[in-house]
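Notes follow once the structure below has been shown.
Numbering (full-length UniProt numbering), first residue to last: 1 to 119.
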(Lines of atoms letter the chains of each structure in order from A and count residues from 1; the text may use other names and numbers.)
(Lines give C-alpha, C1' and ligand atoms only; values in the text may rest on other atoms or scores of the structure.)
Protein backbone atom coordinates (compact mmCIF):
# COMPACT_ATOMS: atom_id res chain seq x y z
CA UNK A 1 0.00 0.00 0.00
CA UNK A 2 2.99 2.32 0.27
CA UNK A 3 2.32 2.96 3.95
CA UNK A 4 5.73 1.69 5.06
CA UNK A 5 7.55 4.00 2.65
CA UNK A 6 5.44 6.97 3.74
CA UNK A 7 6.11 6.28 7.42
CA UNK A 8 9.84 5.94 6.74
CA UNK A 9 9.88 9.24 4.81
CA UNK A 10 8.26 10.91 7.80
CA UNK A 11 10.84 9.45 10.18
CA UNK A 12 8.33 7.30 12.06
CA UNK A 13 10.00 4.60 14.17
CA UNK A 14 7.24 3.52 16.54
CA UNK A 15 3.75 2.26 15.69
CA UNK A 16 0.91 2.02 18.19
CA UNK A 17 -1.89 -0.28 16.99
CA UNK A 18 -5.41 -0.71 18.31
CA UNK A 19 -8.88 -1.38 17.00
CA UNK A 20 -11.41 -4.08 16.34
CA UNK A 21 -10.53 -7.72 15.88
CA UNK A 22 -7.27 -7.89 17.83
CA UNK A 23 -6.75 -11.51 16.83
CA UNK A 24 -6.95 -10.80 13.09
CA UNK A 25 -6.77 -7.18 11.86
CA UNK A 26 -4.78 -5.60 14.69
CA UNK A 27 -2.41 -8.59 14.82
CA UNK A 28 -1.82 -8.44 11.06
CA UNK A 29 -1.11 -4.70 11.14
CA UNK A 30 1.25 -5.10 14.10
CA UNK A 31 3.13 -7.95 12.42
CA UNK A 32 3.44 -5.98 9.17
CA UNK A 33 4.90 -3.11 11.18
CA UNK A 34 7.37 -5.39 12.92
CA UNK A 35 8.32 -6.90 9.55
CA UNK A 36 9.05 -3.36 8.38
CA UNK A 37 11.45 -2.84 11.28
CA UNK A 38 9.24 -0.53 13.32
CA UNK A 39 8.93 -0.69 17.10
CA UNK A 40 5.34 -1.88 17.46
CA UNK A 41 2.96 -1.72 20.40
CA UNK A 42 -0.57 -3.11 20.55
CA UNK A 43 -2.75 -1.12 22.93
CA UNK A 44 -4.66 -3.88 24.66
CA UNK A 45 -7.42 -1.89 26.33
CA UNK A 46 -8.20 -0.05 23.08
CA UNK A 47 -8.66 -3.27 21.10
CA UNK A 48 -11.35 -5.94 20.96
CA UNK A 49 -10.81 -9.55 19.82
CA UNK A 50 -13.22 -11.46 17.61
CA UNK A 51 -12.92 -14.38 20.00
CA UNK A 52 -11.75 -14.30 23.60
CA UNK A 53 -10.49 -17.85 23.01
CA UNK A 54 -7.78 -16.46 20.69
CA UNK A 55 -6.44 -13.72 22.99
CA UNK A 56 -3.63 -15.65 24.68
CA UNK A 57 -2.43 -17.25 21.44
CA UNK A 58 -2.46 -13.84 19.74
CA UNK A 59 -0.50 -12.26 22.60
CA UNK A 60 2.12 -15.02 22.35
CA UNK A 61 2.43 -14.60 18.57
CA UNK A 62 2.86 -10.85 18.98
CA UNK A 63 5.40 -11.25 21.78
CA UNK A 64 7.34 -13.78 19.67
CA UNK A 65 7.55 -11.10 16.96
CA UNK A 66 8.83 -8.54 19.50
CA UNK A 67 5.55 -6.62 19.47
CA UNK A 68 4.87 -5.08 22.87
CA UNK A 69 1.44 -5.14 24.45
CA UNK A 70 0.47 -2.35 26.83
CA UNK A 71 -2.44 -0.32 28.10
CA UNK A 72 -3.37 3.07 26.69
CA UNK A 73 -2.01 4.75 29.81
CA UNK A 74 1.31 2.92 29.45
CA UNK A 75 1.45 3.90 25.77
CA UNK A 76 0.94 7.58 26.58
CA UNK A 77 3.83 7.44 29.05
CA UNK A 78 6.00 5.59 26.52
CA UNK A 79 5.35 8.18 23.81
CA UNK A 80 6.18 11.01 26.19
CA UNK A 81 9.56 9.48 27.01
CA UNK A 82 10.81 8.20 23.62
CA UNK A 83 11.82 11.24 21.59
CA UNK A 84 15.38 10.24 20.72
CA UNK A 85 17.66 9.13 17.90
CA UNK A 86 18.20 5.43 17.21
CA UNK A 87 21.64 3.92 17.64
CA UNK A 88 23.18 1.47 15.17
CA UNK A 89 22.61 -1.32 17.71
CA UNK A 90 18.91 -0.48 17.85
CA UNK A 91 18.78 -0.41 14.07
CA UNK A 92 20.37 -3.86 13.80
CA UNK A 93 18.01 -5.21 16.47
CA UNK A 94 15.07 -3.91 14.41
CA UNK A 95 16.37 -5.75 11.34
CA UNK A 96 16.62 -9.01 13.28
CA UNK A 97 13.15 -8.45 14.75
CA UNK A 98 11.62 -7.91 11.32
CA UNK A 99 12.87 -11.29 10.11
CA UNK A 100 11.21 -13.08 13.03
CA UNK A 101 7.99 -11.12 12.59
CA UNK A 102 7.83 -12.08 8.90
CA UNK A 103 8.06 -15.78 9.78
CA UNK A 104 5.31 -15.50 12.41
CA UNK A 105 3.07 -13.40 10.16
CA UNK A 106 3.41 -15.85 7.28
CA UNK A 107 2.69 -18.82 9.52
CA UNK A 108 -0.35 -17.27 11.20
CA UNK A 109 -1.94 -15.22 8.41
CA UNK A 110 -3.43 -18.20 6.60
CA UNK A 111 -5.34 -19.32 9.67
CA UNK A 112 -6.48 -15.76 10.44
CA UNK A 113 -7.81 -15.20 6.93
CA UNK A 114 -9.63 -18.52 6.98
CA UNK A 115 -11.14 -17.61 10.35
CA UNK A 116 -12.34 -14.23 9.09
CA UNK A 117 -13.78 -15.81 5.94
CA UNK A 118 -15.76 -18.26 8.05
CA UNK A 119 -17.33 -15.55 10.23
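Positions of the beta carbon are idealized from the N, C-alpha and C atoms, including for glycine.
Length-filtered (3 minimum) beta strand (DSSP E) runs lying within the stretch 40 to 78: 68 to 70
Given residue 108 as reference, the closest of 82, 54, 69 and 71 once Cα atoms are compared: 54
Let's test the definition: count the other Cβ atoms within 10 Å of the Cβ of residue 48 and tell me whether it reaches 16, buried, or not, exposed. exposed
Taking 9 Å as the cut-off, decide whether the C-beta atoms of residue 178 and residue 67 are in contact. This structure leaves residue 178 out entirely; the chain is present only between 1 and 119.
Please list the terminal residues of the continuous beta strand (DSSP E) segment that includes residue 19. 14 to 20
By the three-class DSSP mapping on this structure, what secondary structure does residue 98 have? helix
Is the beta carbon of residue 40 closer than 9 Å to that of residue 14? yes
Evaluate residue 73 with the Cβ neighbour count: other Cβ atoms within 10 Å of its Cβ, from every protein chain shown; 16 or more gives buried, anything less gives exposed. exposed
Expressed to the nearest angstrom, what Euclidean distance is found between the alpha-carbon atoms of residue 8 and residue 78? 20 Å
Taking CB distances under 9 Å as the criterion, tell me whether residue 71 reaches chain D. Absent from the structure is chain D; it holds one protein chain and no more.
Shortest alpha-carbon distance to residue 100 belongs to which of 69, 4 and 38? 38
Measuring alpha carbon to alpha carbon, tell me which residue in 36, 12, 10 and 27 is nearest residue 93. 36
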